[in-house]
Amino acid sequence: QLLAAREAAAKENRARDTAVILFWMWGGPSQLETWDMKPDAPVEFRGPFRPVQTNVSGIEICELFPQLAKIADKYALIRSLHHEMASHNDGSIEVLTGKTPAKADPTSTAFSDHPDFGMVTSRLRGVSAEGLPPYIGIPNKPFMTRPNYLGVSHNAFNSGDPTVAGYKPPNLSVDGGLNGSRLGDRRGLLTQFDGFRRSLDATGSMEGIDKFHQQAFQLLSSTQVAAAFNLEQESDSLRDRYGRTLWGQSCLLARRLAEAGAGVISIDALAPKAGMPLYFSWDDHANAQPGWDMAKGMRVRAADMDPALTTLIEDIHERGLAKKIAVIAVGEFGRTPRLSSANGCIGRDHWPQAQAALVAGGGWKTGQFIGATTSKAEYPIERPLTPQDLLATIYRHLGIDPHSSLIDFTGRPTPILSTGK
75 QLLAAREAAA
85 KENRARDTAV
95 ILFWMWGGPS
105 QLETWDMKPD
115 APVEFRGPFR
125 PVQTNVSGIE
135 ICELFPQLAK
145 IADKYALIRS
155 LHHEMASHND
165 GSIEVLTGKT
175 PAKADPTSTA
185 FSDHPDFGMV
195 TSRLRGVSAE
205 GLPPYIGIPN
215 KPFMTRPNYL
225 GVSHNAFNSG
235 DPTVAGYKPP
245 NLSVDGGLNG
255 SRLGDRRGLL
265 TQFDGFRRSL
275 DATGSMEGID
285 KFHQQAFQLL
295 SSTQVAAAFN
305 LEQESDSLRD
315 RYGRTLWGQS
325 CLLARRLAEA
335 GAGVISIDAL
345 APKAGMPLYF
355 SWDDHANAQP
365 GWDMAKGMRV
375 RAADMDPALT
385 TLIEDIHERG
395 LAKKIAVIAV
405 GEFGRTPRLS
415 SANGCIGRDH
425 WPQAQAALVA
435 GGGWKTGQFI
445 GATTSKAEYP
455 IERPLTPQDL
465 LATIYRHLGI
475 DPHSSLIDFT
485 GRPTPILSTG
495 K
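Under our numbering, read the sequence shown as residues 75 to 495, first letter to last.
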């Protein structure tokens with residue numbers, strides 16, 4: 075009866091026509107330079123940028139986001155998120171899985187012991203009828219999370235860089251001179267071999283191999299999947315609105331994939347960019363690289379993010395998708411309220427005790443901010459919220475009961491979320 079109930083729940087979840095686009099701000103964006111500015115704080119706290127009034131009375135955001143300021147009625151700002159994980163990987167694991175690492179790793183080399191919410195969605199909602207993967211990373215998924223006891227088939231499908239000329243996602247084309255007919259012949263032959271191997275297999279491992287084969291053939295033969303990844307079907311004017319940048323075209327591709335039936339699409343902040351020799355993240359320590367500080371980094375990132383995220387939010391409204399698709403822009407933690415400086419550069423260090431997020435779509439109430447921090451953005455003082463609360467809200471949108479359980483390696487039921495509402 076328990077197995078039957080789980081199967082019924084999985085079918086019900088697969089029927090949900092909803093999606094989440096995560097704009098993953100890896101590195102930890104500063105709350106004071108994005109969505110929770112403190113213009114009246116002392117100069118050593120408030121930072122180099124001024125707030126700008128949005129189209130919603132009483133809501134201000136950083137001046138570097140003028141386009142987002144014009145559509146504040148279409149998103150909400152969560153200003154009271156907080157947790158205790160102060161290293162990049164640990165903080166990311168906390169935010170993406172809802173599980174607190176058992177032992178903190180200050181070196182930021184940890185990997186998750188539990189799947190992230192995209193992998194859980196893949197397990198409970200499954201591949202779409204057209205073969206579209208339920209979890210997709212653009213250009214890659216967050217690197218510190220692993221599917222573990224769910225199995226590797228629930229890892230994200232990585233799309234690659236959508237800005238390259240003649241973009242096609244990896245592994246979605248038939249190589250070696252094969253055509254559709256020969257692909258079918260190979261599938262038939264493979265089925266015969268699999269049947270023979272299964273008769274010799276006493277462990278049941280062939281079942282997992284068959285699942286990969288089925289998904290691979292479905293991906294290769296589905297015209298709907300190919301169309302979902304085809305940015306050339308969009309008008310030049312819309313592609314220009316998003317921006318011909320990695321983040322711009324990633325947001326456009328994410329909207330296409332969500333519209334086509336993918337459950338979770340993550341857009342990774344970690345990507346190379348001209349003028350940033352080592353990395354492109356939100357890890358804004360003072361003088362993190364020679365001559366590179368938070369102010370310069372914020373200007374470069376905002377120039378790409380502002381049109382990309384604004385157009386994504388406008389686009390889902392214009393297409394009537396604001397209930398189907400939810401958009402979340404968040405990182406693994408915030409930054410220290412007090413500025414630091416080194417060699418003429420300013421920055422902020424890691425600070426999980428207060429962070430902010432932008433959320434849009436999902437049929438959620440927008441045009442508001444939720445929670446508040448102290449006058450220096452140090453700690454929440456109004457409606458403190460956790461990453462688990464954010465994940466519970468995301469799971470509800472995806473039609474997944476966050477208090478249900480998955481079976482771990484030991485055969486024990488493991489709650490998707492132990493806390494959060």
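Even for Gly, the Cβ is constructed at its ideal location relative to N, Cα and C.
Within 8 Å, strictly: CB atoms of G102 and F407: yes
Alpha-carbon to alpha-carbon, C136 and V117: 16 Å
Three-way DSSP call (helix, strand, coil) for R393 in this model: coil
Distance CB(K398)-CB(T92) smaller than 8 Å: yes
Minimum C-alpha distance to G225 - residue among I490, T385, D482: D482
L352 to R120 span [Cα, whole Å]: Only weak support is given to the placement of L352: the predicted model assigns it a pLDDT of 44, under 50, and the value that follows is read from those uncertain coordinates. Between L352 and R120, the C-alpha separation is close to 27 Å.
Beta bridge counterpart(s) of A424 as assigned by DSSP: Sequence check: residue 424 is His here, not Ala. For H424, which the question treats as bridged, DSSP gives the partners R409.
Of the residues G132, S131, P113, the one placed nearest P125, counting alpha carbons only: P113
Rounded separation between Q307 and R330 - CA only: 10 Å
Within 8 Å, strictly: CB atoms of T150 and D164: In the sequence as displayed, the identity of residue 150 is Ala instead of Thr. Contact flag unset, no.
Cβ pair L459, I152 closer than 8 Å: yes
Bridge-paired residues (DSSP) for A93: I399
Proximal residues to E456 (C-beta, below 7 Å), its chain only, five neighbours per side dropped: S154, G445, A446
Whole-angstrom distance between P243 and D249, CA atom to CA atom: With a pLDDT of 44 at D249, under the threshold of 50, the predicted position of this residue should be treated as unreliable, though the coordinate-derived value follows. Spanning the two alpha carbons is a distance of roughly 13 Å.
Backbone secondary structure at V238 - three-state DSSP: coil
Given 8 Å, three or more beta-carbon pairs between the stretch 170-184 and the stretch 422-430: no
Sequence-distant residues of its chain with Cβ nearer than 7 Å to P461 (five each side left out): L155, H157, E168, V169, G172
Through-space distance from I402 to A301, alpha-carbon basis: 25 Å
Q462, enclosing beta strand (DSSP E) - first and last residue: Looking at the DSSP string, Q462 is not in any beta strand (DSSP E); the run it does join, the alpha helix (DSSP H), is 461-471.
Closest Cα partner of V338 within the set Y209, A400, A382: Y209
8 Å contact criterion, which S233 and G335 should meet: CB distance rounded: Wrong, their Cβ atoms sit about 15 Å apart, outside the cutoff.
Euclidean distance between Cα positions of Q105 and D187: 28 Å
Residue-chain proximity (E204, chain B), Cβ-Cβ < 8 Å: Given the protein chain composition of this structure (a single chain), no chain B is represented.
Close beta carbons around Q127, own chain, < 6 Å, minus the five adjacent residues each side: E134
Option nearest D147 by Cα separation, candidates I490, G435, S355: G435
Identity of the residue in D110, I95, F97, W100 nearest Q429 by Cα: D110
Cβ-Cβ distance between L320 and D235 below 8 Å: yes
Coil, strand or helix - E168 by DSSP: helix
The stretch 359-373 in contact with the stretch 409-421 per 3-pair CB rule at 8 Å: yes
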